[in-house]
Amino acid sequence: MKLVTAYIQPEKLNDVKQALFEADVRKMSVINALGCGQQMGYHETYRGADIEVNLLKKVRIEVAVNDEFVHATIDAVIKGARTGTIGDGKIFVQDLSDCIRIRTGEKGSEAIG
Amino acid sequence: MRMWKWMPAVAGLLMLLAGAPLDGLAQEGGEGMAEAAAEVAEQAVSAEMFTVNNVWMMVATFLVFIMHLGFASLESGLTRAKNTVNILFKNTGIIAIGILTYTLIGFNLMYPAEWLANGWLGEFVFGIANTMGDAANDTSAYNAGYTYWTDFLFQAMFAATAATIVSGAVAERIKLPSFLIFSALYVAIVYPIFGAWKWGGGWLAEKGFHDFAGSTVVHSVGGWAALAGVILLGPRTGKYVNGSIKGIMGHNMPLATIGVFLLWLGWFGFNGGSVLSADPAMVSFVLVTTCIAAAAGIMGAMLTSWIVQKKPDLSMALNGALAGLVGITAGADVVSVTSAVIIGLVAGVIVVFSVIGLDRAKIDDPVGAISVHLVCGIWGTLAVGIFATGIDVGGSYTISFVPQLIGVMAAGVFCFVSAFVIFLILKVTLGIRVSEAEEISGLDLGEHGQEAYSGFQTWTTQ
Numbered sequence: 180m181k182l183v184t185a186y187i188q189p190e191k192l193n194d195v196k197q198a199l200f201e202a203d204v205r206k207m208s209v210i211n212a213l214g215c216g217q218q219m220g221y222h223e224t225y226r227g228a229d230i231e232v233n234l235l236k237k238v239r240i241e242v243a244v245n246d247e248f249v250h251a252t253i254d255a256v257i258k259g260a261r262t263g264t265i266g267d268g269k270i271f272v273q274d275l276s277d278c279i280r281i282r283t284g285e286k287g288s289e290a291i292g
Numbered sequence: 015m016r017m018w019k020w021m022p023a024v025a026g027l028l029m030l031l032a033g034a035p036l037d038g039l040a041q042e043g044g045e046g047m048a049e050a051a052a053e054v055a056e057q058a059v060s061a062e063m064f065t066v067n068n069v070w071m072m073v074a075t076f077l078v079f080i081m082h083l084g085f086a087s088l089e090s091g092l093t094r095a096k097n098t099v100n101i102l103f104k105n106t107g108i109i110a111i112g113i114l115t116y117t118l119i120g121f122n123l124m125y126p127a128e129w130l131a132n133g134w135l136g137e138f139v140f141g142i143a144n145t146m147g148d149a150a151n152d153t154s155a156y157n158a159g160y161t162y163w164t165d166f167l168f169q170a171m172f173a174a175t176a177a178t179i180v181s182g183a184v185a186e187r188i189k190l191p192s193f194l195i196f197s198a199l200y201v202a203i204v205y206p207i208f209g210a211w212k213w214g215g216g217w218l219a220e221k222g223f224h225d226f227a228g229s230t231v232v233h234s235v236g237g238w239a240a241l242a243g244v245i246l247l248g249p250r251t252g253k254y255v256n257g258s259i260k261g262i263m264g265h266n267m268p269l270a271t272i273g274v275f276l277l278w279l280g281w282f283g284f285n286g287g288s289v290l291s292a293d294p295a296m297v298s299f300v301l302v303t304t305c306i307a308a309a310a311g312i313m314g315a316m317l318t319s320w321i322v323q324k325k326p327d328l329s330m331a332l333n334g335a336l337a338g339l340v341g342i343t344a345g346a347d348v349v350s351v352t353s354a355v356i357i358g359l360v361a362g363v364i365v366v367f368s369v370i371g372l373d374r375a376k377i378d379d380p381v382g383a384i385s386v387h388l389v390c391g392i393w394g395t396l397a398v399g400i401f402a403t404g405i406d407v408g409g410s411y412t413i414s415f416v417p418q419l420i421g422v423m424a425a426g427v428f429c430f431v432s433a434f435v436i437f438l439i440l441k442v443t444l445g446i447r448v449s450e451a452e453e454i455s456g457l458d459l460g461e462h463g464q465e466a467y468s469g470f471q472t473w474t475t476q
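For the protein sequence lines, the chains are E and V, in the order given. If you want this note's numbering, it's the 1-based position in the first sequence plus 179. If you want this note's numbering, it's the 1-based position in the second sequence plus 14.
Okay, structure coming up:
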């Protein structure tokens, strides 16, 4: 079992969700985030003062999948989120030691699917 | 931004022109305004009554002014957080543009003392009176109901209200400089020219067209411009996708609600002040029909949205209140209480179907401005010809349906075409729409380099 975490541009969320649905991955959680990588910040102004903003709006998607779905998930995220410009985001894959469905108490691969 | 470099030059020009000497020409125009005032002016008025009348008219001015806060709140609430600074900025700009252009040319063009084309186009006289001290302006010699100054300011607030109707419809994708230029031209020239046709004693007034407080003169004038703008602008990105309509939710329902109630409060002055005096019977009656129509509008919209959408929609109910208010505005002085109920109820029903219908026609109006102000403005105007037929107004004319229809069509032709032309010229020169990247990241950052909710996490996924 793996936990796939992806940081993407906020406006790409709908495309990524759509791509995941097409790959038959329908369970995920989405969190608002701030982040930066290679992308440069931008400037705001406020009453004559210049403000440099370099923590940019991002969206973090977390999907727990069985091993056989990992590649499909990663491909779907890339398909939905890639634009070719700096700032597209990153995907992290972590090992998931256990997963439990609260309602039924199922564990492991059954709980993920 | 390079746009702003010519602003100081324009400001200087405005100041020069505003200092131009005034011949006291605008006075006569003020008395050509509403028939209800004619009766008051004919009687001699005591100093006390003049003061009472003027105080009420000033209070009405404050109330119409507060409608700008109402519009700002409502529009902010029904659009996304990433565009809020832009919405507020547009609303702030419009009140300034409205008042200043009215000072420069609007007031005189709307109430011409001399006509270039009789009944159609007044003479262009720049600037209003500059100082106090002329009894013809400062006393009841001007009008039994108000001073020249009150007349000017009260009407200036109306002008600014017409301009601000457009800002809601074009929200979230219009280029700021283009919008400000459009507003300046439209409220400086188009609004007063049309207004003169009725309130300035022009050809519509002579036809017996009745528009008590401006369902056509103010609301539909703004509504036609909104429609023209939205057609040329196009819908927001992501609104109509693959033939389906995507809801783009407003980010602050409390603010939207506050906005609508402020607008209702403002309408006490909008309609109450259109009596043009503190006449107890007229003002109190008009306020009753106004509030009844608003309440009926809410009920009409509430029930319609509950049936059509399966659950009652707050934003529709709020639009319903405004629909009822716009609907009663043409005839609050002449329709009966029963008629007011019907007018408001029908307006509430119409507005729901109009909002849904416009979306089906791929006309994207984020706040329902076209449905409320144009569609219900037309309804309110025609409703006068349905519910108040035969009523004699101040001995000048008798209400009937055909003049109401003529007025509606005159507004449609003149205002829609003018607005369309102005927007089209702006579209091919400056451009009227922001880039897609800017639209996605939000106009607050793109146009202003500022956030409305700094310190808060807002979603920009849509």
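Idealized CB from N, CA, C, for every residue including glycine. Please read these numbers as outputs of a predicted model, since none were measured by experiment.
Secondary structure remark: continuous alpha helix (DSSP H) runs of at least 4 residues inside the segment 353–377 of chain V: none found.
Counting along the chain, D165/V sits inside no beta strand (DSSP E); it lies in the alpha helix (DSSP H) bounded by residues 162–183. A direct Cα-Cα distance of roughly 11 angstroms separates E285/E from D277/E. Rounded to the nearest whole angstrom, the C-alpha separation of A174/V and A212/E is 41 angstroms. Taking a contact as a CB-CB distance under 8 angstroms, the pair T93/V and I101/V counts as one, their CB atoms being some 6 angstroms apart. Judged by their CB atoms, G463/V and T474/V are not nearer to each other than the 8 angstroms cut-off. Neighbourhood of W238/V in chain E, by CB distance below 7 angstroms: empty, with the nearest CB roughly 34 angstroms away. Within chain V, Q464 have C-beta atoms less than 7 angstroms from the C-beta of Y225/E, given in sequence order. The segment 188–204 of chain V and the segment 141–161 of chain V do not touch, with fewer than three beta-carbon pairs separated by less than 8 angstroms. Between the segment 230–244 of chain V and the segment 381–391 of chain V there are three or more inter-stretch CB-CB distances shorter than 8 angstroms, so the stretches are counted as touching. In this structure, DSSP gives D406/V an extended state, which the three-state scheme calls strand.
Taking the Cα positions, L276/V is about 47 angstroms away from V204/E. Proximity to M316/V across V407/V, V340/V, L359/V, V78/V peaks at L359/V, based on C-alpha coordinates. The Cβ atoms of M171/V and T75/V sit closer than 8 angstroms to each other.
For S208/E, the enclosing beta strand (DSSP E) covers residues 208–214. In the DSSP annotation of this structure, V78/V is not part of any beta strand (DSSP E); the continuous alpha helix (DSSP H) holding it starts and ends at 61–91. Proximity of chain E to T474/V at the Cβ level (cut-off 7 angstroms) is accounted for by P189, E190, K236, in chain order. A straight line joining the alpha-carbon of V69/V with that of D165/V spans about 12 angstroms.
Against chain E, the CB of I312/V has no partner CB under 8 angstroms away; the residue lies outside that interface.
For the pair Q218/E and L192/E, the CB atoms are not nearer than the 8 angstroms cut-off.
Pairing A260/E with D254/E gives a Cβ-Cβ distance that is not under 8 angstroms. At a Cβ-Cβ threshold of 8 angstroms, A344/V and F208/V do not count as neighbours. Taking every protein chain shown into account, the CB of F121/V has 16 or more other CB atoms within 10 angstroms, so this residue is buried. Contacts between Q418/V and chain E, judged by CB atoms closer than 7 angstroms, are missing: the closest CB pair is about 47 angstroms apart. Going by DSSP, V244/V is part of the alpha helix (DSSP H) stretching over 235–247. For the 8 angstroms CB-CB criterion, K237/E and G220/E do not form a contact. Close partners of N233/E in chain V (Cβ separation under 9 angstroms) are lacking, with about 14 angstroms as the shortest Cβ gap.
Annotation: the continuous alpha helix (DSSP H) that includes Y205/V extends over 205–212. Here E128/V is not near N105/V, since their CB atoms are 8 angstroms or more apart. With a threshold of 8 angstroms between beta carbons, I454/V makes contact with chain E. Residues of chain E with a Cβ closer than 9 angstroms to the Cβ of Q471/V are, in chain order, N211, A212, L213, K236. The segment 182–189 of chain V and the segment 297–304 of chain V do not touch, with fewer than three beta-carbon pairs separated by less than 8 angstroms. Contact annotation: W217/V and M124/V have beta-carbon atoms that are not nearer than 8 angstroms.
Note: Q273/E is bridge-paired with L182/E in the DSSP secondary-structure output. Looking at the backbone, the Cα of A86/V and that of V274/V are separated by about 10 angstroms. Where T224/E is concerned, the enclosing beta strand (DSSP E) starts and stops at 221–225.
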